[in-house]
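Following my numbering, the numbering of the sequence shown begins with 30 at its first residue and continues without gaps. Just so you know, even glycine gets a beta-carbon here, dropped at the ideal spot from N, CA and C. Remember, predicted model here, so these are calculated numbers, not experimental data.
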Amino acid sequence: MKFLKLPVLALAGLFTAVSCAPTGQNTTVPVNGTTEASTDRLVFCHFMIGITSNRQSAADYDDDMKRAKSLGIDAFALNIGVDPYTDTQLNFAYESAARNDMKVFISFDFNWYNTGQASTVGQKIRQYGSLPAQLKVDGKVFASSFAGNGLDINQMQSAAGTEVFFAPNFHPGQGNFGNIQGALNWMAWDNNGDNKAPSAGRNVTVGDGDKAYVNALNGKPYIAPASGWFFTHFGGEVSYSKNWAFPSDLLWYNRWFEILNLAPRFVEIVTWNDYGESHYIAPLASPHTDDGASKWVMDMPHDGWLQMSKPFIAAYKNGDKSPDKYITEEKLIYWYRPTPRNINCDSTDTTMDGSPNNSSGNFFRGRPNGWESLQDAVFVVSLLKSPGTIQVASGQNSQKFDAPVGASAFTVPMGVGQQKFALVRDGKTVLSDTSLKDIVNTCICGIYNFNAYVGTVPAPSTIDKLGPAGLSALQQGLRVSCPTNTLGLGSVASATPIPTPSPA
């Protein structure tokens with residue numbers, strides 16, 4: 030996603046009167062855009078069509094559809110621009126969704142559309158609205174957007190030729206909420222009110238955003254965002270240079286608990302496959318082209334976050350405040366950045382060269398803007414059916430934690446070297462593994478990589494890798510050699526003993 034730059038004053042003023050945390054209400058009817066009734070709750074996941082031009086048939090979407098459905102995701106929000114392959118890929122996606130019992134809907138990206146194209150938007154909705162896989166809510170064809178404040182809703186509805194449940198990413202204080210049926214909040218990360226990481230005196234939390242949208246919607250359904258990470262690092266080698274991070278750390282874990290308390294009618298995971306901004310939860314192997322993101326995505330799987338979401342999604346749909354009783358398989362999910370944040374890569378980093386256009390305000394040289402908001406830490410979430418002891422060794426830093434039944438999160442200071450994890454009960458090791466990704470104090474591929482590596486215990490049976498198309502732009506702009514798909518080569522076997530940790 031190539032972010033639009035939003036006005037500072039509009040966003041800063043938007044949140045001046047809101048609280049810092051969402052609140053839920055125990056009721057069986059919709060209140061302020063939220064509801065405790067589980068029957069109408071839906072989970073969406075944002076899917077970028079713009080990087081799928083290499084898909085050759087509907088079968089290329091089948092794994093995405095099956096994987097998402099198995100975890101409780103109801104529909105993909107198909108983000109589209111105006112590319113020549115858009116209709117081909119939309120038809121593939123709709124066909125695959127239909128045969129895999131999934132739903133899909135179009136999300137119009139107003140980086141590429143403009144708000145004067147209401148009729149064009151409506152005509153595209155008409156084109157796909159009658160297909161079997163089209164999501165319908167309250168009997169209406171569902172559609173959404175990224176941005177789009179100012180779109181003529183009446184003109185769009187007229188061109189669609191059918192009732193449309195339009196829930197766009199309009200912004201409180203900017204878009205007209207009177208003629209829409211709901212709204213999506215895209216900002217799934219704490220920020221400064223101007224699309225960057227929080228700064229001194231300027232911290233707009235995700236909960237602040239929840240409150241602002243719920244108030245603006247005044248009882249209409251709210252699409253609450255959930256995301257695990259944000260880091261992007263495009264340098265002068267491309268025309269869309271941008272380089273910043275949002276605070277993420279334990280965001281994925283904490284945000285799901287916020288959602289369980291908020292109880293919105295809809296949730297949208299941001300995203301399935303936006304590798305360029307590091308908030309993907311799809312496998313690396315999901316077919317896609319390379320916009321240059323392979324530099325920080327290669328060997329950095331995230332599908333452990335996908336697995337972690339399953340009990341939370343089940344709890345959300347059933348109106349529960351805890352995922353604990355929905356845990357059917359014990360596991361540990363862990364993540365960390367591959368290098369300490371103070372490592373110096375200025376001499377080889379791709380953002381140090383060239384004079385890229387920075388009219389968006391999104392480009393910075395060297396470390397990403399917002400790098401200070403991320404901890405040098407290893408994060409571990411346990412999903413347990415009975416209590417146990419979690420042991421973590423990050424390099425020479427070893428700690429253990431008493432973990433209760435259910436979902437719990439733990440943080441260990443980052444240490445250079447191997448990363449080891451274990452679950453112990455009654456002195457016996459129940460689960461253990463050594464991560465395939467060491468933390469190192471060198472510049473991987475010569476760049477600042479603030480993406481997260483996500484692993485699980487037990488480990489997956491296969492190593493998730495980018496395909497050839499997903500690696501095609503890897504070398505562009507690099508100043509050092511960068512071997513491809515090295516994860517697991519020469520790694521320590523999972524049976525390596527974990528050091529005896531000291532108490533936390």
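For residue i versus residue j, is the C-beta distance shorter than 8 Å?
i      : j      : result
Ser187 : Phe259 : no
Ser581 : Ala502 : Outside the shown range of the chain (30 to 533) lies residue 581, about which nothing can therefore be said.
Ala498 : Thr318 : yes
Pro367 : Tyr282 : no
Leu313 : Asp493 : yes
Pro352 : Gly435 : yes
Val445 : Asn470 : yes
Leu279 : Phe408 : yes
His75  : Ala106 : yes
Tyr142 : Val111 : yes
Lys360 : Leu412 : yes
Asn232 : Pro397 : no
Ile80  : Asn302 : yes
Gly395 : Asp382 : no
Trp325 : Ile78  : no
Gly257 : Ile209 : no
Whole angstroms are fine: how far does the CA of residue j sit from the CA of residue i?
i      : j      : result
Met216 : Thr377 : 32 Å
Leu452 : Gly179 : 53 Å
Asp116 : Ile419 : 49 Å
Ala212 : Ser174 : 9 Å
Gly305 : His262 : 8 Å
Ala241 : Ser228 : 20 Å
Pro487 : Leu460 : 7 Å
Thr300 : Arg370 : 25 Å
Asn83  : Leu160 : 23 Å
Phe32  : Asn140 : Reliability of the predicted coordinates at Phe32 is poor, the pLDDT of 44 falling under 50, and no value is obtained from them.
Asp167 : Gln118 : 27 Å
Gln447 : Gln428 : 14 Å
Thr536 : Trp218 : For the chain, the structure presents residues 30 to 533; residue 536 sits outside this window and is missing.
Asn108 : Arg454 : 46 Å
Arg508 : Ser389 : 26 Å
Met327 : Ala432 : 32 Å
Phe206 : Asn214 : 13 Å
Gly230 : Gln404 : 20 Å
Gly190 : Asp130 : 26 Å
Ser402 : Gln184 : 43 Å
Lys19  : Ile356 : Here the chain has residues from 30 to 533 only, and residue 19 is not among them.
Gly538 : Cys511 : Summary: the structure shown does not reach residue 538, with the chain confined to residues 30 through 533, and so no result is reported for it.
Pro250 : Val243 : 8 Å
Gly417 : Gly238 : 36 Å
Ala292 : Cys474 : 42 Å
Ser268 : Ala255 : 29 Å
Determine which residues share a DSSP beta bridge with residue i and list them.
i      : result
Glu358 : BP columns for Glu358 are empty, so no partner.
Phe175 : Asp138
Ser307 : According to DSSP, which records beta bridges pairwise, Ser307 is partnered with nothing at all.
Tyr251 : Ala212
Asn426 : Ser423
Ser485 : Note on residue identity: the sequence assigns Thr, not Ser, to residue 485. The partner list for Thr485 (beta bridge, DSSP) reads Ile362.
Met77  : Asn108
Trp273 : Thr261 and Asn398
Gln163 : Val133
Lys494 : Answer is none; Lys494 lacks a bridge partner.
Leu289 : In DSSP, Leu289 forms no bridge with anything.
Thr220 : Correcting the residue type first, residue 220 is Asn in the shown sequence and not Thr. Answer by DSSP bridge pairing, in chain order: Val233.
Arg454 : Lys457
Tell me which residues share the same chain as residue i and place their Cβ nearer than 8 Å to its Cβ, disregarding the 5 neighbours each side in the sequence.
i      : result
Gln163 : Tyr123, Lys132, Val133, Phe134, Tyr157, Val170 and Phe171
Phe333 : Looking at the sequence itself, residue 333 is Gly, so the reference to Phe does not match. Here the set comprises Ile362, Tyr363, Trp364, Val483, Gly484 and Thr485.
Gly177 : Phe137, Phe139, Tyr142, Thr144, Pro197, Asn198, Phe199 and Gly204
Gln336 : Leu100, Lys360, Ile362 and Thr485
Ala127 : Leu160, Pro161 and Ala162
If you drop the 5 nearest sequence neighbours on each side, which residues of the same chain put their C-beta closer than 7 Å to that of residue i?
i      : result
Gln505 : Glu266 and Gly321
Trp400 : Ala274, Arg370 and Phe479
Tyr114 : Ser82
Asn120 : none
Nearest chain D C-beta to residue i closer than 8 Å, yes or no?
i      : result
Ala322 : In the structure shown, chain D does not exist; there is a single protein chain.
Tell me which same chain residues have a C-beta within less than 6 Å of the C-beta of residue i, skipping the five on either side of it?
i      : result
Asp181 : Ala147
Trp285 : Phe341
Lys339 : Leu100
Gln425 : Gly444
Ser125 : Ala87, Tyr90, Asp91 and Met94
Asn514 : Lys494
Phe392 : Ser270, Lys271, Asn272 and Pro385
Between residue i and the ligand SAH, is there a pair consisting of the residue's CB and a ligand heavy atom that are separated by less than 7 Å?
i      : result
Ser256 : With respect to the ligand SAH, the structure offers nothing, as it holds no ligand at all.
Open item on the list: Taking contact to mean 3 or more Cβ pairs, one atom from each stretch, closer than 8 Å, check whether the region 142–156 and the region 87–96 are in contact.
Closed with: no
Task: Inter-stretch contact (C-beta, 8 Å, three-pair minimum) for the region 220–237 and the region 197–212 - done: no
Task: Cβ contact (3+ pairs, closer than 8 Å) linking the region 67–77 and the region 285–296 - done: yes
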